[in-house]
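Protein chains in written order, with my numbering: chain A, 1 to 588; chain B, 589 to 1053.
1) With a cut-off of 8 Å on the beta carbons, I'd call residue 236 (chain A) and residue 909 (chain B) a contact; round off their distance for me.
2) Can you list, in chain order, the residues of its chain whose CB lies under 8 Å from that of residue 911 (chain B), leaving out five sequence neighbours each side?
3) Please go through the region 404-431 of chain A and give each complete alpha helix (DSSP H) segment of 4 or more residues, from N-terminal end onward.
4) Around the C-beta of residue 321 (chain A), are 16 or more other C-beta atoms found within 10 angstroms, so that it is buried, or is it exposed?
5) Name the chain B residues whose beta carbon is nearer than 7 Å to that of residue 268 (chain A)?
6) I'd like the span of the beta strand (DSSP E) that includes residue 635 (chain B), first residue to last.
7) Apart from the five residues just before and just after residue 673 (chain B), which ones in its own chain have a Cβ nearer than 7 Å to its Cβ?
8) Going along the chain, which residues of the region 609-628 of chain B sit with their C-beta nearer than 7 Å to a C-beta in chain A?
9) Tell me which same chain residues have a C-beta within less than 6 Å of the C-beta of residue 334 (chain A), skipping the five on either side of it?
10) Alpha carbon to alpha carbon, how far is residue 759 (chain B) from residue 928 (chain B)?
11) Round the Cβ separation of residue 476 (chain A) and residue 977 (chain B) to the nearest angstrom and send it over; I've been treating them as touching at under 8 Å.
12) Please name the residue or residues paired with residue 389 (chain A) in a DSSP beta bridge.
13) Using the three-state DSSP reduction, which class does residue 896 (chain B) fall into: helix, strand or coil?
14) Go ahead and label residue 615 (chain B) buried or exposed: buried means 16 or more other beta carbons lie within 10 angstroms of its beta carbon, across all protein chains shown.
15) For the region 1021-1043 of chain B, list every residue whose C-beta sits within 8 Å of some C-beta in chain A, in sequence order.
16) Which of the three DSSP states, helix, strand or coil, is assigned to residue 575 (chain A)?
17) Cutting at 7 Å between CB atoms, please list the residues of its own chain near residue 590 (chain B), excluding the five before and the five after it.
18) Examine chain B for any beta-carbon lying closer than 8 Å to the beta-carbon of residue 1 (chain A), and answer yes or no.
19) Taking a contact to mean a Cβ-Cβ separation below 8 Å, would you say residue 17 (chain A) touches residue 67 (chain A) in this structure?
20) Alpha carbon to alpha carbon, what distance is there between residue 388 (chain A) and residue 188 (chain A)?
21) Is there at least one Cβ from chain E nearer than 8 Å to residue 306 (chain A)'s Cβ?
22) Check the Cβ of residue 300 (chain A) against every Cβ in chain B and list those closer than 7 Å, keeping chain order.
23) By alpha-carbon positions, which one of B:979, B:915 and B:1036 ends up nearest to residue 960 (chain B)?
24) Quick one: is residue 901 (chain B) near chain A, going by C-beta distance under 8 Å?
25) What in chain A is Cβ-close to residue 976 (chain B), meaning under 7 Å?
26) What's the gap between the Cα of residue 219 (chain A) and the Cα of residue 933 (chain B)?
27) I need the DSSP call for residue 847 (chain B), collapsed to helix, strand or coil.
28) Evaluate contact between the region 284-293 of chain A and the region 336-347 of chain A, counting only Cβ atoms and requiring at least three cross-stretch pairs below 8 Å.
29) Where does residue 204 (chain A) sit, in a helix, a strand or coil, going by DSSP?
30) State yes or no: is the C-beta of residue 833 (chain B) within less than 8 Å of the C-beta of residue 753 (chain B)?
31) What does the Cβ neighbour count give for residue 54 (chain A), buried or exposed, with the cut at 16 atoms within 10 Å?
32) Distance cutoff 8 Å, beta carbons only. Does residue 962 (chain B) sit that close to anything in chain A?
33) In chain order, what residues of the region 44-67 of chain A put their CB closer than 7 Å to some CB of chain B?
34) Using the rule of at least 16 other Cβ atoms within 10 Å of the residue's Cβ for burial, across every protein chain shown, is residue 1052 (chain B) buried or exposed?
35) From what residue to what residue does the beta strand (DSSP E) around residue 5 (chain A) run?
36) Please classify residue 760 (chain B): does DSSP put it in a helix, a strand, or coil?
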């Protein structure tokens, strides 16, 4: 069954084999004497094309290629969370044990620890009917995640034998079932799933619950739903990675899959170090206990970079099937697109725009469509949200990856170079960003946060957009000649920009802000606007208003009022009233 | 006993094709002898059954289809390494050219290197003092970082790099041994001489390893030079425990060489004719910086690249910026104002500085001060743009102050002498002096406590109207 063929030609990560030897498209193969992992990507009569996930240096024509009979797959079992893998699910810690500080090729390691004994609690009993997705066992995987082992999606039958609760490895049989054809099937804690195939679900729900991130500009102005998709495009140095880190740290998903696709090695090290120290505010356990990292840094082989995105999303879907909310951070999807381009170039395919292959758009859409809020096969509910960073060439959003991504995501958080230069973070531009989820999420916000939330949000955005129009005039004639009511708009917009939109990731009380405080902050800013507007309407000049420090006091609320001191907002309200009375008294 | 193959079947620019080879492996090095006396080396870049496409490093001039003997060496490109390489000069493929004889190898190593496992990296946290205010305060260099200089033709990037090398390597607080690996790709003889002289003057030349591929040396050789240099750097850092500063200049020539070879291989071009794998190739170089956990040494990279037509969106600086941990951008208009070093601080950035500065490293106010200088300088730029439309007189008082602040920052803070070595305290205090130009309410990036401590109160009161 395992056929063997021989290498005919080698060009970078692409290897050609003469003849077809019964290889299947998408099949995983082992190449050369080092048994490098490869995948069949093209079959024509008389020639098979293989992409190799490791450095091909040293391969020779005539070396053998062994088929494995299976598509390129990942192992799904306890041990995924808290781990760090390369693009094809090889644990980097294990590789380090075998090959030292540098990653050598042909390292053969099990994706997950097969000797570790897990505490297993069996949840089915003999005689139970089980279907694809039925939870058969529960394992405390980390301090914050209970792993639920399931019947693989394509199996069903009746349980005939179960093991007693106790300690088992992922290779031990824990449940035996008999299917409709009378075959006995032994189930373990582990299952395998091909990375390019979405795991099946029962149905898709509308996206009506937000993924709460604690980042004001996202939660309030451009929210994303659980099961939603978002893109963060930005040139280098605009803070894509920073934003992703913030979301990975604070968003209210149960599981985070962080894919470092073609990015910097030091960044992955930073995530590893930070996340093992930082505590999850909801569970009090280290963030690493709910996080899995896929690290395929920019100097690792390019084909594995292409696969890393699929490996990550498959792990995410697996945890969704258990009923968890999973957030996938893909940093950066451009590197993945470029890996496609590089491989496509080696295959001498006809290039489309900017050398990218014509199937770029369909691959992107297939990836983002794997997100969603789902009802799983076992009737639980779970979601996969995808937040993809995009690194446009030259910071130009008209390039193919950004444009095609824009078609398939519903949240667009555009990072802006000039904001980043002024060290305004997060550098999300409020004029070019958008979220299509606002209408879907409005009922949730109204019910759970406050009736006025959506209304306030609208008013904030409107002031910011007025500001940008006024700035056009200011650029030409200066701000001194504007009428006072427009000067007030500029001043309030400044308060919004510095006091609300800008958020300091390194400040303990500003790095994460709950929705209730976000609402209060909007309320107080708009109250200040209302009162000042009344003063201006009574012909008080803006210069007089500016003599009071109230504007700067409101700006520093984000530092001065801790997240659990919401009662302090009343003091600020009183302060604004005082400011109003004082001006009226002295100048009436 | 190795087989030699007579003759070739094709010569096309830097590429030659050999047919009938047996047992050749991908990425293997071959030795080509021309007319029995001249030796060149090449690398197998493509293989089809018994046909090998070979990239020749030293040019294919004087080769014909009949006058060559080719020998497969059976291993990928390697160089000889030993501690004796310190103080030596090599050509672009790692052969000594200083007439001091060959290196007796302690070890031979594959120049392609291997990716450093993110699990065994140590996150870089120690800052390197360069004595240059714009770098120390605003784009702090961290040991184990890769921080390129984006420059243009005619800008003083070489002087800046030389100043960094001089002031950083001989800083009194540098524990452990410090050495420099200098890799030149397609640079002019004068520039190479300038660096040689600088190293000699600063007394550092016994701690320098130089790999020189000059502008008139074979183009293909350039593709191998940075990899050879980094292999030497990794050896000194991770085997010998030294702190290595690697200067790579000029990365633009490297990328140009790659384009040249790619087009003669008939590959499908992506942006501006560069091959699709430009990003991967650049990453394979830049990612070879860092610190290995449990190992005393480090590799810090300062690549220099000249932006074609000063265009930061050109593929070379663009892709570089996506890989490196920040960048130092030189600016022609500052240079024309006679400001040295002409560092445009706004697009300049050091991604690692946030963890290597502040209390315990430099001073508690460092981060806030840097943020405020960036944000106020950005505002000064807006005031300048406005002044160019409506004239300076028409500006509001506060905008006028920003104008003054912008000019002072450029002339007093960024600008400094070629040999001026400022301490970190001097630099930070200078920053506070400049902020005094602005009223206290404008300083919205600084924590109130720090502001109380460092912003001089009384003096500023009379300055505000």
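Don't be surprised by glycine CBs; every beta carbon is placed ideally from N, CA and C.
None of the values given here were measured: they were computed from a predicted structure.
This is what the structure holds:
1) 4 Å
2) 734, 867, 870, 871, 874 and 875
3) 417-421
4) buried
5) 706
6) 626-636
7) 691, 797 and 820
8) 611, 612, 613, 614 and 615
9) 390, 391 and 401
10) Below a pLDDT of 50, predicted positions are generally treated as unreliable, and residue 759 (chain B), at 48, falls in that range; no measurement from the model is reported.
11) 6 Å
12) A:232
13) helix
14) buried
15) 1029, 1032, 1033, 1035 and 1036
16) helix
17) 659 and 660
18) Any reading at residue 1 (chain A) is ruled out, since the residue's pLDDT is 44, under 50, leaving its predicted position unreliable.
19) no
20) 34 Å
21) Note that chain E does not occur in the displayed structure, where the protein chains are A and B.
22) 703
23) B:1036
24) yes
25) Residues of chain A passing the Cβ test: none, with the nearest at roughly 10 Å.
26) 32 Å
27) helix
28) no
29) strand
30) yes
31) buried
32) yes
33) 56, 57, 58, 59, 60 and 61
34) Note on residue 1052 (chain B): pLDDT 43, under 50, position unreliable in the model; the coordinate value appears next. The residue is exposed, with fewer than 16 neighbouring Cβ atoms inside 10 Å.
35) 4-11
36) Here the model assigns residue 760 (chain B) a pLDDT of 49, short of 50, so the residue's position is not dependable and the matter cannot be decided.
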